Each structure stands twice: as structure tokens, then as C-alpha cells.
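Novice: Structure provided below as C-alpha cells; questions to follow.
Residue numbers (our numbering): 9 to 237.
What follows is the structure, encoded as C-alpha cells:
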């Protein structure tokens, strides 16, 4: 009888210890899962590197767009950027002006604090065309100037990437020309038009405008919206 009581007490103690261990384990599991859920958000890295496309508005290129690579570390990114601009100040029967601008650039960005703020630099080439069509001495002719240049653009900006894949950013800087080539396209005009005072004046006007866009330091500002995946 005594041995039976001892055996019963041992079984009861074992069952009690097992139940306590299971309860302790069930309480610890949610805590561990919660910690695992918090860990990724506590780091500053993305789950993976991202590729994206974007478009925006700004200056000196009114329309901007490109493709970009966002590194998993969130400390750097790079992009191939395109810009375009077109404007017709006048569009009358005998007095037509037109200005167009296009660019392509490679840029790199560094996020010193792995935050939205970044420091960036771009190197690219740009083409500017300015022309004016009018009637000179009874003949219709176009004064056309083309300016090509290479440029560097130091800038700073802010970039926010959301879990949905959408991103938003703004940046400011300056577009600095490094080299410039000016071409005048009037070789097909006759001497009467070339020596017409009105043609000479219009040619100077479009040359000044093209050189202003191609040779001077221009402010850079862009607001952009994109998607990364």
C-alpha cells in the first residue's frame, strides 16, 4: 500500500511538471514570433535589392524619367535618367519659333544615414535646338542653331520607398556644362537671305537662346513618382 501511494505521488508530480512545461512553451512561442516579426523592421536594410521606373516634372528638363537600381543596404542607388523639353513661343503664319531640348545622364546616389536624404551626382549629355522660320526678301527660310554639351549635376534630395512598391522623391541642384559645341545650320540658304538684316537679327536671337540653355549653369529641380519591384 505504501509503495502504491509513492507511485501515485510520482505520477502526479510528473504530470504536473509536464503541464507546466507545455504552458511555459506555449507562452514563449508567441513572444518569439513577435520578436521575429519586429526584427526585420528594426533593421535598415530592405528584404532585397529593387529595380524601378520613374517619371517626373522639373527644370531645366520639364519631363524626366528613367530606370533605377536600389541597393538592399539602402546606402546607395543609381539610375539612367532621360530629360526632354519643347516650347514654341510663337506660332504665327509668317513667324514661327521653336526650342527643344533632350538629355541622357547616369547618376549615383549615396544615403549617408540610410534614410530618405541622399547626396547625388550625374554625368550626361544634352542637345539643344533653337530655330525661327520667317520670310526674308520674299523667301521663307529658317535660322537654326544646335548646341550639344556634356554636363555634371551635383544635387541633394529626399526619397521615400513604400511597401506597396510606390516611391516619391524631390531633388535640387545645379546643371554645370563641361564642354559645348555650337552648330549653325544655314548652309542651304542663298546669299540674299544670309545678308538680310532681319535674318541676321533672328539668327542672333536663336543663337543667344540656344547658348543660354547649353552654355550656362542652370538650376536643377525635380519632383518624381515611381514604382520599384
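For each residue, glycine too, the CB sits at the ideal point set by N, CA and C.
Predicted model only: the values in this text are computed from it and were never measured.
(1) Flag residue 115 as yes if its beta-carbon sits less than 8 Å from any beta-carbon of chain C, otherwise no.
(2) Verify whether the separation of the beta carbon atoms of residue 112 and residue 234 is less than 8 Å.
(3) Roughly how many angstroms separate the alpha carbons of residue 68 and residue 106, rounded to a whole number?
(4) Could you pull the DSSP bridge partners for residue 84 from this structure?
(5) I need the boundaries of the alpha helix (DSSP H) containing residue 201, first residue and last residue.
(6) Return the bridge partner residues of residue 226 from the DSSP annotation.
(7) Tell me where the beta strand (DSSP E) around residue 147 begins and ends.
(8) Closest to residue 109 by CA distance: which of 170, 96 and 120 is it?
(9) Around the Cβ of residue 152, are there at least 16 other Cβ atoms within 10 angstroms (buried) or fewer (exposed)?
(10) Taking the alpha carbon of residue 214 as the reference point, which residue from 137, 82, 130 and 76 has its own alpha carbon closest?
Specialist: Based on what the coordinates show:
(1) The structure shown contains no chain C, having only a single protein chain.
(2) Here residue 112 is taken as the residue at index 104 of the chain shown, counted from 1. Here residue 234 is taken as the residue at index 226 of the chain shown, counted from 1. At least 8 Å separates the beta-carbon of residue 112 from that of residue 234.
(3) Against the chain shown, residue 68 aligns to sequence position 60. Against the chain shown, residue 106 aligns to sequence position 98. When rounded, the distance between both Cα atoms is 16 Å.
(4) Taking the first residue of the chain shown as position 1, residue 84 is located at position 76. Answer by DSSP bridge pairing, in chain order: 118.
(5) As a first step, residue 201 must be located in the chain shown, where it is residue number 193. Residues 199-202.
(6) Sequence index remark: in the chain shown, residue 226 carries index 218 (1-based). Paired residues: 183.
(7) For this step, residue 147 is matched to residue 139 along the chain shown. From DSSP, the beta strand (DSSP E) with residue 147 extends over 147-169.
(8) For the purposes of this step, residue 109 is taken as residue 101 along the chain shown, with counting starting at 1. Minimum Cα distance to residue 109 is reached at 96.
(9) Counting from 1 along the chain shown, the entry for residue 152 is found at position 144. Under the 10 Å beta carbon count, residue 152 is surrounded by 16 or more other beta carbons and is classified as buried.
(10) Within the chain shown, the letter at position 206 stands for residue 214. Nearest of 137, 82, 130 and 76 to residue 214, Cα basis: 137.
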